[in-house]
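Student: Take the sequence shown: its position 617, counting from 1, is numbered 617 in the UniProt record's numbering, and each next residue is one higher.
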Amino acid sequence: MRLGGSDFPEIARILRRARRPRGSGVRDAAKPDEGGAAAVKAGPGQGDASASKESKGGKGGGVAVSREVLGRGARLIGRAVRGEPWLFAVSFGGACLVVLLTIGGAFVIGAVVADVIVPALDRREFEVSAVAGAAAALVGLSLLRVAGIFARRLGSVTMQQRLQAKTRKVLVRRYLSLPMAWHQQQSTGTLLSHAGSDVDASWSPAASLAYAAATVVLLVAAMTALLTIDWALAAIGLVAFPLLFTIFAFYSRAVAPRYRRAQQLRGEVSALAHESFDGALVVKAMGREAFETQRFRAKVDELRDCLIAIGRIRGRADPVIDSIPSIATLTVLVVGAWRLRAGAVDLGELTTAAFLFALLDMPVRAIGWLLTALPRAVAGSERVDKVLAAKGDMRYGSSTVDPGPADLRISRLTFRYPGREPVLHKVSLHLAAGTLVALVGETGSGKSTLIALAARLVDPESGTVKLNGINLRMLGAQPLAGAVALVPQLSFAFDDTVRVNVALGREGIDDHRIWEALRQAQADEFVTKLPDGLDTVLGERGVVLSGGQRQRITLARAIAGRPGLLLLDDATSAVDPAVESAILDRLRGELSRTSVLAVATRRAAAERADRVIYLEHGRVKAAGAHEELLAHIPRYAELMHTYDRAVP
Numbered sequence: 001m002r003l004g005g006s007d008f009p010e011i012a013r014i015l016r017r018a019r020r021p022r023g024s025g026v027r028d029a030a031k032p033d034e035g036g037a038a039a040v041k042a043g044p045g046q047g048d049a050s051a052s053k054e055s056k057g058g059k060g061g062g063v064a065v066s067r068e069v070l071g072r073g074a075r076l077i078g079r080a081v082r083g084e085p086w087l088f089a090v091s092f093g094g095a096c097l098v099v100l101l102t103i104g105g106a107f108v109i110g111a112v113v114a115d116v117i118v119p120a121l122d123r124r125e126f127e128v129s130a131v132a133g134a135a136a137a138l139v140g141l142s143l144l145r146v147a148g149i150f151a152r153r154l155g156s157v158t159m160q161q162r163l164q165a166k167t168r169k170v171l172v173r174r175y176l177s178l179p180m181a182w183h184q185q186q187s188t189g190t191l192l193s194h195a196g197s198d199v200d201a202s203w204s205p206a207a208s209l210a211y212a213a214a215t216v217v218l219l220v221a222a223m224t225a226l227l228t229i230d231w232a233l234a235a236i237g238l239v240a241f242p243l244l245f246t247i248f249a250f251y252s253r254a255v256a257p258r259y260r261r262a263q264q265l266r267g268e269v270s271a272l273a274h275e276s277f278d279g280a281l282v283v284k285a286m287g288r289e290a291f292e293t294q295r296f297r298a299k300v301d302e303l304r305d306c307l308i309a310i311g312r313i314r315g316r317a318d319p320v321i322d323s324i325p326s327i328a329t330l331t332v333l334v335v336g337a338w339r340l341r342a343g344a345v346d347l348g349e350l351t352t353a354a355f356l357f358a359l360l361d362m363p364v365r366a367i368g369w370l371l372t373a374l375p376r377a378v379a380g381s382e383r384v385d386k387v388l389a390a391k392g393d394m395r396y397g398s399s400t401v402d403p404g405p406a407d408l409r410i411s412r413l414t415f416r417y418p419g420r421e422p423v424l425h426k427v428s429l430h431l432a433a434g435t436l437v438a439l440v441g442e443t444g445s446g447k448s449t450l451i452a453l454a455a456r457l458v459d460p461e462s463g464t465v466k467l468n469g470i471n472l473r474m475l476g477a478q479p480l481a482g483a484v485a486l487v488p489q490l491s492f493a494f495d496d497t498v499r500v501n502v503a504l505g506r507e508g509i510d511d512h513r514i515w516e517a518l519r520q521a522q523a524d525e526f527v528t529k530l531p532d533g534l535d536t537v538l539g540e541r542g543v544v545l546s547g548g549q550r551q552r553i554t555l556a557r558a559i560a561g562r563p564g565l566l567l568l569d570d571a572t573s574a575v576d577p578a579v580e581s582a583i584l585d586r587l588r589g590e591l592s593r594t595s596v597l598a599v600a601t602r603r604a605a606a607e608r609a610d611r612v613i614y615l616e617h618g619r620v621k622a623a624g625a626h627e628e629l630l631a632h633i634p635r636y637a638e639l640m641h642t643y644d645r646a647v648p
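What follows is the structure, given as structure tokens:
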């Protein structure tokens, strides 16, 4: 039988289709991670330009893409082996044992045919001892193969899971170390996708890595064995195996850009879903369910089309890949019969060669699985590495802050968000230790940004922020976190108990301090009425609490740490005026150990402040006592009257 004629044109036709699939549904740009706009949905028959765009043009571009994927995949495999060398050694050792036993089994079967079966057929009788010996040898080899397979699979699975767990831990630590400016440019769904599907994809080759590596040893050993048997039979392997790897290379070329796009789309789908869940109340209140559903459906359809395009390519390649080992085995039998008739080989050698080709089917597939997994793994790894390589880390010093009320001094501070006009212009203010200062201003005047700068969530473009005379940049991360506590506009409660939400794992915060903080935040009364008191689980985002109750739990969390500087960013907006006044009175009573800088959107906070800073268009327009500003700054007085009218 010849491998040619009708076979090679069919293979060429399938490979051409794999290069330019019809109706793939997705079209990739050269850098799909840089934005969803790069993906343009193509109609049926328009083809797919992603492969050509990924390359640098010309007929050799596809090879460049394949080499790029293989190169990055090789580096990824190297990282996997270096990350878990012992587990890889166990898995690879088990796989090599299986390989050696596979080769040995082929020779045993050949010997059984030549020395037991053929003589028995000739004499029409067989020796029991010979049959028993052959059976014992095969059973022994099988048991050893079971041990090797167990070691290979256990090592591979454990290696893959450990690598994924390590990467997730490193990734989450990286998330937490990156500044707020970076997080403000990312969607929650994308971050979840990085930690989920991207990490899974990155280490998916680890499952078949040892098997594939041992298969290389198997191929070398098998080809050596075939060469010792007969050059003509070995020549079949020299044609079949490179042909398989060539098809795998073309497959990698065709699917690599689509896998990149699929990983990006998974992140976008996750982001849309998360956004819809978070905004469920708004969606229902505005009757926008149909709009949100359509928006989500469009992105899901795009992901579906992309995955179908990958499946279509695989569907065309798999039959060719599946047929080659079978065709090779059949060819060995045909050529072997000719060589047997010519006396070049005996029946035992032919049986060994045919059995080797039959056994090579699954191991060769292992290399195929590895090469098939590489494009998706490279795509996932690129997205994870992009986060790990993100710049903008805040550098901390080693200075510490003495306990007690802090002195905050901001000098000629200017700040702008990326690509925008300055939000704050040369702002200077002083909060003396043991005082309460209120920030007042219209929406967009820079109050929240100033609070974020005082907490060092972001760094200023110019100017300085000093705590007790020490530049915030010089403070260590832990001393800064202990000295400054921020209560943000949007309160947040973890899906845990009241105790855990207030203490937040900090040392020294016992139940006595928790209740003390709850009393200062005017939260003790409703907490005592909860079913299990401090042990009541608040649910996701504190769903069992009202908005005002969540704000008070968040405030108690900040107070429990006994910071030197307490920053309140409109932290009592959801509580009624009477409760707000009570909270402010309690905070004033604690000024002996905590200074307070508060964004005021009601008269109560301004009236209780030792000093008021009035911001207008990112500049300090006036500073002084509430009564002074009320008398001399018309716009401030107008703002206070507006606040009064807003109070029910």
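Note that beta-carbon positions come from the ideal geometry of N, C-alpha and C, so glycine has one too.
Quick caveat, the model's predicted, so the values are computed rather than measured.
Using the Cα positions of Phe296 and Asp385, report the straight-line distance between them to the nearest angstrom.
Tutor: 27 angstroms
Student: On the DSSP letters alone, give me the boundaries of the beta strand (DSSP E) that Ser193 sits inside.
Tutor: Going by DSSP, Ser193 is part of no beta strand (DSSP E) but of the alpha helix (DSSP H) stretching over Thr188 to Ser193.
Student: Since Phe415 is in the beta strand (DSSP E), which residue starts that stretch and which ends it?
Tutor: Leu408 to Arg416
Student: What residues in its chain sit with their C-beta under 6 angstroms from that of Leu568, if we drop five residues either side in the sequence?
Tutor: Val487 and Ala598
Student: How is Tyr614 classed by DSSP in three states: helix, strand or coil?
Tutor: strand
Student: Any beta carbon of chain C sitting closer than 9 angstroms to that of Ala201?
Tutor: The chain labelled as chain C is not found in the depicted structure, where only one protein chain is given.
Student: Among Ser270, Ser491, Leu457 and Asp496, which one has its Cα closest to the Cα of Ala477?
Tutor: Ranked by how close their Cα comes to the Cα of Ala477, the residues Ser270, Ser491, Leu457 and Asp496 have Leu457 in first place.
Student: Keeping to the same chain, check which residues put their C-beta closer than 6 angstroms to that of Pro179; ignore five residues upstream and five downstream.
Tutor: Gly392 and Met394
Student: Secondary structure at Ala42, three-state DSSP: helix, strand or coil?
Tutor: Confidence in Ala42 is poor, its pLDDT being 34 and thus under 50, which makes the residue's placement unreliable; the coordinate value appears in the next sentence. DSSP places Ala42 in coil when its eight states are reduced to three.
Student: With distances taken between CB atoms, is the gap from Glu275 to Thr188 smaller than 9 angstroms?
Tutor: yes
Student: Taking Cβ positions, are Val255 and Leu303 nearer each other than 9 angstroms?
Tutor: no
Student: For Leu178, which three-state DSSP category applies?
Tutor: coil
Student: Name, in chain order, the residues that DSSP records as bridge partners for Pro422.
Tutor: Arg416
Student: Distance, Cα to Cα, Gly564 vs Ala379?
Tutor: 47 angstroms
Student: Mapping the DSSP letters down to three states, classify Thr536 as helix, strand or coil.
Tutor: coil
Student: Would you decide whether Ala342 is buried or exposed? Buried here means 16 or more other CB atoms lie within 10 Å of its CB.
Tutor: exposed
Student: Let me know the secondary structure DSSP gives Arg562 once reduced to three states.
Tutor: coil
Student: Buried or exposed: where does His626 fall if 16 or more other Cβ atoms within 10 Å of its Cβ makes it buried?
Tutor: His626 should be labelled buried.
Student: Taking only three categories from DSSP, how would you classify Asn468?
Tutor: Asn468 falls in the coil class under three-state DSSP.
Student: Less than 9 angstroms separating the beta-carbons of Ala604 and Pro577?
Tutor: yes
Student: Grouping DSSP H, G and I as helix and E and B as strand, with all else coil, what is Leu629?
Tutor: helix
Student: Looking at the structure shown, is Ser202 part of a helix, part of a strand, or coil, going by DSSP?
Tutor: Three-state result, Ser202: helix.
Student: With burial defined as no fewer than 16 other Cβ atoms inside 10 Å of the residue's Cβ, what is the status of Gly43: buried or exposed?
Tutor: The predicted model places Gly43 with a pLDDT of 36, which falls under 50 and marks its position as unreliable; any figure quoted below should be read in that light. Burial call: exposed.
Student: Measure the Cβ-Cβ separation of Ser445 and Ser428 and say whether it is below 9 angstroms.
Tutor: no
Student: Buried or exposed: which applies to His632, given that a residue is buried once 16 or more other Cβ atoms fall within 10 Å of its Cβ?
Tutor: exposed
Student: Determine contact between the stretch 545-558 and the stretch 511-525, defined as no fewer than three beta-carbon pairs at a distance below 8 angstroms.
Tutor: Taking 8 angstroms as the limit for Cβ pairs, the verdict is that the stretch 511-525 does touch the stretch 545-558.
Student: CA-CA distance, Met640 and Lys447?
Tutor: Each residue's alpha carbon lies about 16 angstroms from the other.
Student: Check each candidate in Gly148, Val239, Arg611 and Ser91 and name the one with the smallest Cα separation from Arg97.
Tutor: In the sequence on display, residue 97 carries Leu and not Arg. Comparing Cα-Cα distances from Leu97 to each of Gly148, Val239, Arg611 and Ser91, the minimum goes to Gly148.
Student: When we look at the beta-carbon of Ala135 and count the other beta-carbons within 10 Å, is it buried (16 or more) or exposed?
Tutor: Exposed, by the Cβ-count rule.
Student: Can you tell me whether DSSP reads Ser24 as helix, strand or coil?
Tutor: With a pLDDT of 38 at Ser24, under the threshold of 50, the modelled position of this residue cannot be trusted; read the value that follows with caution. Coil at Ser24, not helix or strand.
Student: Looking at the structure shown, is Ala328 part of a helix, part of a strand, or coil, going by DSSP?
Tutor: helix
Student: Only counting the same chain, and skipping five residues up and downstream in sequence, which positions put a Cβ closer than 6 angstroms to that of Thr158?
Tutor: Excluding positions up to five away in sequence, the list reads Leu87.
Student: Quick one: measure Cβ to Cβ for Ala195 and Leu171, integer angstroms, because I've assumed they're closer than 8 angstroms.
Tutor: 6 angstroms
Student: Does the beta-carbon distance from Gln186 to Tyr417 come in below 9 angstroms?
Tutor: no
Student: So, helix, strand or coil for Thr435, using DSSP?
Tutor: coil
Student: Between Ala358 and the rest of its own chain, which residues show a CB-CB distance below 6 angstroms, the 5 nearest in sequence each way excluded?
Tutor: Thr329
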